[in-house]
Amino acid sequence: MYEFHTDYKRYFDIQLANAREWVLPFIKEVRPLGQGTQVLEIGCGQGSLLKAFSEEGCTCVGVEMFPLWLEKANEWLSVEIAEGKVRLVDSNIYHVDPDKDLGTKFDVIVLKDVIEHIHDQERLIGWMKNFLKPGGVIFFGFPPWQMPYGGHQQMLQGWLGKTPYWHMLPMPAFKALLRSVKQYSEELIEIKETGISIERFEKIVKRTGYVILERKHWMVNPVYEYK
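Letter by letter, the sequence shown follows residues 0 to 226 of numbering that gives the first Met the number 0.
Shown next as structure tokens:
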């Protein structure tokens, strides 16, 4: 396992740097950011992206279900929360009404490293229309299933965490390999079940009535410079 997966503050700082250098500039290619921009992040984790957006003057809402991430986000975004720049919501996104619970719809919706963890991805992508203002945009950032570490195996200890592509094994062999190194992980099993390719993602986007405004494919994920 890479050290930063358990060093939560370092992980926060890495994601913040990545957001400043890559995510926000990419979004700005299709949508200006600044005062008055309403941003929703689904699966906001520890809040790194929310901080980056708030630095641009945006007003942000982060929805998160994992208690530890919410605890860290409340700690590291305490100033932004106190100033009304960021609001955190402890909920399943399907249980949130944008008008009743949030009081607004959004110019920008962000899902970074989230869609590949979701069952029934088509339902979620369609559901997000309820939160989007006319002319609003959605940013998706995710590791395609066929990339070297598309199975998130870097979370594991030892050689298996540094070995690319073995997540492409058939499920029985995948499980057997995890057991053989005594690192059986329900989380990795679930990621294998929900992993998504670029081709499948784009088909879902078109079926749900969206238009792709911009795309960027990386041979090496930019965040790997920190790993």
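Every residue gets a Cβ at the ideal spot worked out from N, C-alpha and C, and that includes glycine. No experiment lies behind these values; they were computed from the predicted model shown.
Distance, residue j Cα to residue i Cα
i: Phe139; j: Lys111; result: 6 Å
i: Tyr1; j: His118; result: Residue placement at Tyr1 cannot be trusted, given a pLDDT of 49 that sits under 50; the coordinates are not used to answer.
i: Asp100; j: Ile41; result: 15 Å
i: Trp21; j: Ile137; result: 16 Å
i: Pro171; j: Phe11; result: 35 Å
i: Pro163; j: Ile195; result: 17 Å
i: Lys128; j: Trp158; result: 42 Å
i: Leu177; j: Asp96; result: 40 Å
i: Gly150; j: Ser184; result: 12 Å
i: Ile205; j: Met154; result: One point to set straight first is that residue 205 is Lys, not Ile, in the sequence displayed. If I take the Cα positions, the gap works out to 32 Å.
i: Ser90; j: Ser77; result: 19 Å
i: Asp98; j: Ile211; result: 26 Å
i: Arg86; j: Gly208; result: 29 Å
i: Lys202; j: Ala16; result: 31 Å
i: Pro24; j: Leu48; result: 12 Å
i: Tyr148; j: Phe173; result: 14 Å
i: Pro169; j: Ser179; result: 15 Å
i: Leu123; j: Ile13; result: 27 Å
i: Lys215; j: Met146; result: 14 Å
i: Gln182; j: Met167; result: 17 Å
i: Ala175; j: Phe200; result: 29 Å
i: Gly134; j: Lys161; result: 42 Å
i: Gly46; j: Gln120; result: 22 Å
i: Gly61; j: Val113; result: 13 Å
i: Arg19; j: Glu63; result: 21 Å
i: Gly102; j: Lys8; result: 31 Å
Check whether residue i and residue j have beta carbons under 8 Å apart
i: Trp165; j: Gln152; result: yes
i: Glu115; j: Thr193; result: yes
i: Trp126; j: Tyr93; result: yes
i: Val88; j: Thr36; result: no
i: Lys104; j: Lys132; result: yes
i: Phe130; j: Leu39; result: yes
i: Lys50; j: Glu74; result: no
i: Cys59; j: Lys84; result: yes
i: Glu198; j: Glu28; result: no
According to DSSP, residues forming a beta bridge with residue i
i: Glu28; result: None, per the DSSP bridge assignment.
i: Leu87; result: Gly61
i: Lys111; result: Gly140
i: Gln37; result: Thr58
i: Phe105; result: Leu131
Any non-hydrogen atom of the ligand MN closer than 7 Å to residue i Cβ
i: Lys215; result: Ligands are entirely absent from the displayed structure, and the ligand MN is therefore not among its contents.
**OP:** Taking only runs that begin and end inside the region 163-217, name each unbroken alpha helix (DSSP H) of 4 or more residues, in chain order.
**Re:** 170-179, 185-193 and 197-206
Original post:
Is the region 179-190 touching the region 211-220, taking contact as three or more C-beta pairs under 8 Å?
Top reply: Flag = no, the region 179-190 and the region 211-220 do not touch.
Original post:
Between the region 53-61 and the region 29-43, are three or more C-beta pairs nearer than 8 Å?
Top reply: yes
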